[in-house]
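To start, the structure itself, in structure tokens.
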Amino acid sequence: MRQPPVIAQWLLRHSISPNIRYGALGDFEHIYSEIAESDGPRKANIWYWRQALRSLPFFLSDTLIWSLIMLKNYLHVAYRNLYKNKSSSVVNILGLSVAVATSIVAFVFIENQYTMDSFHENADNIFLVENYIERGEDQQLRGDTPMPLGPAMQAGIPQVVRAIRVASGTPTFRAGNNTFQEFIRYVDPEFLDVFSFDLRLGNKSTPIGHGDIVLSDDLATKYFGKQNPMGRELDVIFSDSETRTFTVSAVAQPFPHKASFSFGALIHYDHLSILNIDQTDWEITTRATFIEVSNPTDVELIAGQMDGFQQQQNSANENQPIAGFEFANLRGLSAASYAVSGDISGGSHPASGIALGLISIFMLLLSCINYMNLAVATASRRLKEIGIRKAVGSSKGQIISQFLSENILMCVLSLGVGFGIAYFLLLPGFNALTAVNGGDITIGEANTLYMWVFLIGVLLVTGLMSGAYPAFYISSFSPTAIFRGRTKLGGESIFSQSLLTFQFVIAFITMITGVILSQNANYQAQKDWGYESEHLLVLETDGFTQFDVLQTEISQLAGVTQVAGARHHFARDWSQTSLEVGTDKFGAVRFDIGREFLETYDVSVISGDGFAASSMTETDGRVVVNEALVLSRGWTPESALGQTVREDSVSYTVAGVAGDFMYTSFLNPIEPALLRAIPESDYRYMTVKLLPGTGVQTEQAVQAVWKRLIPDREYTGFFQDTAFQSVFIENTNIKTMFRFIAIVALLIACMGLYGIASQKVARRLREISIRKVLGASIPHLAGKVNRSFMIVLIIAAIISAPLGYVAMDALLNSVYADPIPIGPSGFVFSFALVLGTAALTISSHIRKFITANPAEVLRNE
Amino acid sequence: MDLLGRTEEIMLLTVWRLQSEAYGVSIRNELNSRTDKDWSLGAIYAPLHRLEQKGLVSTRLGEPGSKRGGRRTVLYDLTNKGKQALLDLKTVQDSLWTGLVSLQPVSQQV
Chain A
552 MRQPPVIAQW LLRHSISPNI RYGALGDFEH IYSEIAESDG PRKANIWYWR
602 QALRSLPFFL SDTLIWSLIM LKNYLHVAYR NLYKNKSSSV VNILGLSVAV
652 ATSIVAFVFI ENQYTMDSFH ENADNIFLVE NYIERGEDQQ LRGDTPMPLG
702 PAMQAGIPQV VRAIRVASGT PTFRAGNNTF QEFIRYVDPE FLDVFSFDLR
752 LGNKSTPIGH GDIVLSDDLA TKYFGKQNPM GRELDVIFSD SETRTFTVSA
802 VAQPFPHKAS FSFGALIHYD HLSILNIDQT DWEITTRATF IEVSNPTDVE
852 LIAGQMDGFQ QQQNSANENQ PIAGFEFANL RGLSAASYAV SGDISGGSHP
902 ASGIALGLIS IFMLLLSCIN YMNLAVATAS RRLKEIGIRK AVGSSKGQII
952 SQFLSENILM CVLSLGVGFG IAYFLLLPGF NALTAVNGGD ITIGEANTLY
1002 MWVFLIGVLL VTGLMSGAYP AFYISSFSPT AIFRGRTKLG GESIFSQSLL
1052 TFQFVIAFIT MITGVILSQN ANYQAQKDWG YESEHLLVLE TDGFTQFDVL
1102 QTEISQLAGV TQVAGARHHF ARDWSQTSLE VGTDKFGAVR FDIGREFLET
1152 YDVSVISGDG FAASSMTETD GRVVVNEALV LSRGWTPESA LGQTVREDSV
1202 SYTVAGVAGD FMYTSFLNPI EPALLRAIPE SDYRYMTVKL LPGTGVQTEQ
1252 AVQAVWKRLI PDREYTGFFQ DTAFQSVFIE NTNIKTMFRF IAIVALLIAC
1302 MGLYGIASQK VARRLREISI RKVLGASIPH LAGKVNRSFM IVLIIAAIIS
1352 APLGYVAMDA LLNSVYADPI PIGPSGFVFS FALVLGTAAL TISSHIRKFI
1402 TANPAEVLRN E
Chain B
-16 MDLLGRTEEI MLLTVWRLQS EAYGVSIRNE LNSRTDKDWS LGAIYAPLHR
34 LEQKGLVSTR LGEPGSKRGG RRTVLYDLTN KGKQALLDLK TVQDSLWTGL
84 VSLQPVSQQV
């Protein structure tokens, strides 16, 4: 007997709906053999092919309609099943929703980080010029560049279409009788044309003139309310003797959240001369120099033409020569900003994005495993259903489809609920926590295409990850095994035990992370700053000449014990420099301070006469250095005294060694520091030491003196102990966030444990009842049932301890300069917490045996 | 009242005509000879499948045939619902046809 053409038959078999496949294929073969008998196999083959191809469209559309009908049916059954197993459905959907919500937040956060500034239409063609500063032992990548560089590049390099320089300042704006300090930017005239900050009023292509000022939406409302600000005049006070009047020439729309830099107001770059800044001086740097090119690849050509500028800068500033230039595209600016000192955009460290991403993957894994374990466990109740369906001719594929559609229904539900949780709960919470570093991310501003790809990806991955194993596993049982009761399911298998172990490893690690980050936040908050930070009121008097008048009046106030001046400030301002000792050159910071400064701040002095302020004058070249400098030179505090330190062409003699003092955020290491005395005329910051307990009244008195003496200037006072407030708030927020995450992870893992334990108890209720009848005690029974869970928990603890240690060590060291040393207490606490919660979860089932009446349970047999 | 479609009506009538001998091959032969067209098996099975889902026909297995690669024939019978559907359609058609003016095509005047 001849066989019909194999390929045609294969085509038919796979296009005909299973319900009619048997009869239809038989009919095909029937006619085929008749033709083969009468007209020979060749004719028959031709007929078969022709017939198959002509039939194909009918069969395909029929199959499609049929599968849609089946899908509807599957979903209907799926819904009934979800409804029937309410508790496990709630566990699954809730767990998965929270996991989905976390991953949506992580996605939006990471998406936001990497698409910053992409709203600028010309972003591909705009580059920030960055430079490496040679500091002897190392090079520092900096975002600020010499002031004359921009115009020089535009004039000298044909590929540079335009160069836009940006500098910033905080002059005082006058509105009626009130004055406010505002953040403004000095920019080259075509700033608005190069960047895409949309304007509410005015024209982007009009260059900013010398008399013009461009306001942000906020400032326009602040100074002009609902009136039209265009053409109105605004007084800006730069210093005592310099007040200028500007005309509002444009008003910006509110800035997109994805702007990594924006402005309060814009004025012409030339106005820097008001501050006595010479913009042709190669030694002075500007906040940013942007260049516009016509083709992104031009940057390579430009890079080859920078040597001249490098030489020009190096001869002007021998102490801090440029070692090379870099061009950073606007789109990547914010994401890479953590590695660039003093850059304009300021983005968060990538560690936070990576941590969030990892956490959301963990959460998804946890809830998918819950689903897997519970699906396999609840399937034991559905074994008979599966057996019967198989016996009456359901194919394996149909049972898989049934289980997968249940799973997809659950995933779609969770995706919806998770989106809601992310939108209404998690994102607002997350934004509130990250508000201190400008955290303001919204789902709405994420790229729609990426968002859809991400959501569909999450749906597919979670659907397959959680659904595939149960569906294939359950559908593979043979009906005879099921009805003979040979099939063992869930709970006991090595596979589901190891999944449970894995879940608790994750729960332990997140808990360890949460606890150690909390400990670290407390550690940072309690860290010794190296000086007495309380009762110090700091006033910023930049650019004003009444320092001495103010000082005289303030020092006479009751409650004021001491007043010190300085050009720099511990936290806000210092000079980045390079120092030389012998032939060694190294990066350092310099503080220019007044004579009483060290005493006022009570900086601990380790050796020398740092405190003998009167002996330290502006001209004798005597300086105090910090411990970090002493250590970096291999000196001891004693041998450091009398050593010579050179900065550029100036030589200093070390007269004292101070303990390290906190001046930078806790994330950066303390650099070698040099403190030198300066004349009173250079003072900018005034530190007022208050008598303990009189803070509030004395500050009011100081404020009154300020208002009387310099009414044109907004009062700037703040207490030194709030100088690092943003760092502490951030630490506290990290603590809150990770505590929340750890608790959610623990809850999800416990939900899984609860599900498995309840299945297990249900399965063993008969055995337990028999044991009870025979006189077994409750503790004995509890131990018997829970032993395997205890083993799982202990193995998880043993695995997670070293993993948690390595992860935390890496995380803390990559973010903090001086993290808490990781000790055993965090681990012990985490383990106790997780084990306690797990024990509580399991023990809820022990009630079941205590209350179970053996007579009731066994009557069914 | 849901009226049958044209293809469905043809299928049901053919199944009824063939009585207990209605299966793919016989239905196709019957249709080929009556409509003078070459019916593909797909064009027969798709409506049969739909009719089966609607409950207008039922299937039963016949004898295995040597020409069918050992497969049994799948025979189609009208269900009561199928019979009723045909009768309903006939009533409507009859009432539509009765009392009409003679339906001779008008000869074209040249």
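Sequences listed follow chains A and B, in order. Counting from 1 along the first sequence, just add 551 to a position and that's the residue number in the working numbering. For the second sequence, position 1 matches number -16 in the working numbering, and the numbering has no gaps at all. Even glycine gets a Cβ: it sits at the ideal position worked out from N, Cα and C.
Presumed contact (8 angstroms Cβ cut-off) between residue i and residue j, rounded CB distance
i: A:A973; j: A:I895; result: About 31 angstroms; that fails the 8 angstroms criterion.
i: A:G1268; j: A:L1090; result: 5 angstroms
i: B:L39; j: B:L(-5); result: 7 angstroms
i: A:L576; j: B:R55; result: Their Cβ separation, rounded to whole angstroms, is 12 angstroms, which puts A:L576 and B:R55 out of contact at 8 angstroms.
i: A:F579; j: A:Q602; result: 7 angstroms
i: B:L1; j: B:E13; result: 6 angstroms
i: A:A1352; j: A:F1378; result: 6 angstroms
i: A:A726; j: A:Y774; result: 5 angstroms
i: A:A1293; j: A:T1061; result: 5 angstroms
i: A:F724; j: A:L785; result: 6 angstroms
Cutoff 8 angstroms: residue i Cβ touching any chain B Cβ
i: A:Y599; result: no
i: A:N1404; result: no
i: A:H581; result: yes
i: A:L576; result: yes
i: A:S952; result: no
i: A:S584; result: yes
Counted within 10 angstroms of its Cβ, other Cβ atoms place residue i as buried (16 or more) or exposed
i: A:Y625; result: buried
i: A:L645; result: buried
i: A:H761; result: exposed
i: A:V1175; result: buried
i: A:K947; result: exposed
i: A:R1227; result: buried
i: A:I1285; result: buried
i: A:H581; result: buried
i: A:S975; result: Correcting the residue identity first, residue 975 of chain A is Phe in this sequence and not Ser. A:F975 is exposed by the Cβ-count criterion.
i: A:L1225; result: buried
i: A:W1003; result: exposed
i: A:R627; result: At residue 627 of chain A the sequence reads His, which differs from the Arg that was named. When all chains shown are included, A:H627 counts as exposed.
i: A:T1103; result: exposed
i: A:H1331; result: exposed
i: A:N676; result: buried
i: A:S800; result: buried
is_contact[residue i, chain A] using C-beta, thresh 8 angstroms
i: B:R(-11); result: no
i: B:K66; result: no
i: B:T56; result: yes
i: B:R51; result: yes
i: B:V8; result: yes
i: B:G48; result: yes
Listed from N- to C-terminal order along the chain, which residues in the region 22 to 41 of chain B have their beta-carbon within a distance smaller than 8 angstroms of any beta-carbon of chain A? Per Cβ criterion, the list reads S23, L24, G25, A26, Y28, A29, L31, H32, R33, E35, Q36.
May I ask you to list, following chain order, the residues of the region 557 to 574 of chain A that have a beta carbon less than 7 angstroms from some beta carbon of chain B? Within the region 557 to 574 of chain A, those residues whose Cβ lies closer than 7 angstroms to any Cβ of chain B are, in chain order, S568, N570, I571, Y573, G574.
Output needed in chain order: residues of the region 936 to 949 of chain A with a Cβ under 9 angstroms from some Cβ in chain B. So the list is empty, because no residue satisfies the distance condition.
Taking any Cβ of chain B, which residues in the region 603 to 614 of chain A have a Cβ under 8 angstroms from it, in chain order? From the region 603 to 614 of chain A, only R605, S606, L607, P608, F609, F610, S612, D613 have a Cβ closer than 8 angstroms to chain B.
What are the uninterrupted segments assigned as alpha helix (DSSP H) that are 4 or more residues long and contained completely in the region 914 to 975 of chain A, given in chain order? Here the runs fully enclosed are 934 to 942, 947 to 972.
Segments assigned alpha helix (DSSP H), at least 4 residues, entirely inside the region 1110 to 1151 of chain A: For the region 1110 to 1151 of chain A, not a single whole alpha helix (DSSP H) run of length 4 or above is found.
Jot down the residue ranges of each uninterrupted beta strand (DSSP E) in the region 867 to 913 of chain A, minimum 3 residues, whole runs only, in chain order. Runs of the beta strand (DSSP E) lying entirely within the region 867 to 913 of chain A, each at least 3 residues long, are 873 to 880 in chain order.
In chain order, each beta strand (DSSP E) run of at least 3 residues that lies wholly inside the region 812 to 857 of chain A: Secondary structure remark: continuous beta strand (DSSP E) runs of at least 3 residues inside the region 812 to 857 of chain A, in chain order: 816 to 819, 839 to 844.
Where are the alpha helix (DSSP H) runs, 4 residues long or more, that stay fully inside the region 54 to 93 of chain B, in chain order? The region 54 to 93 of chain B contains these whole alpha helix (DSSP H) runs: 63 to 80.
Please give me, in chain order, every unbroken run of the alpha helix (DSSP H) with length at least 4 that falls completely inside the region 628 to 693 of chain A. Segments of the alpha helix (DSSP H) lying fully in the region 628 to 693 of chain A: 637 to 665.
Taking only runs that begin and end inside the region 1 to 42 of chain B, name each unbroken alpha helix (DSSP H) of 4 or more residues, in chain order. Within the region 1 to 42 of chain B, the complete alpha helix (DSSP H) runs of at least 4 residues are 7 to 18, 24 to 37.
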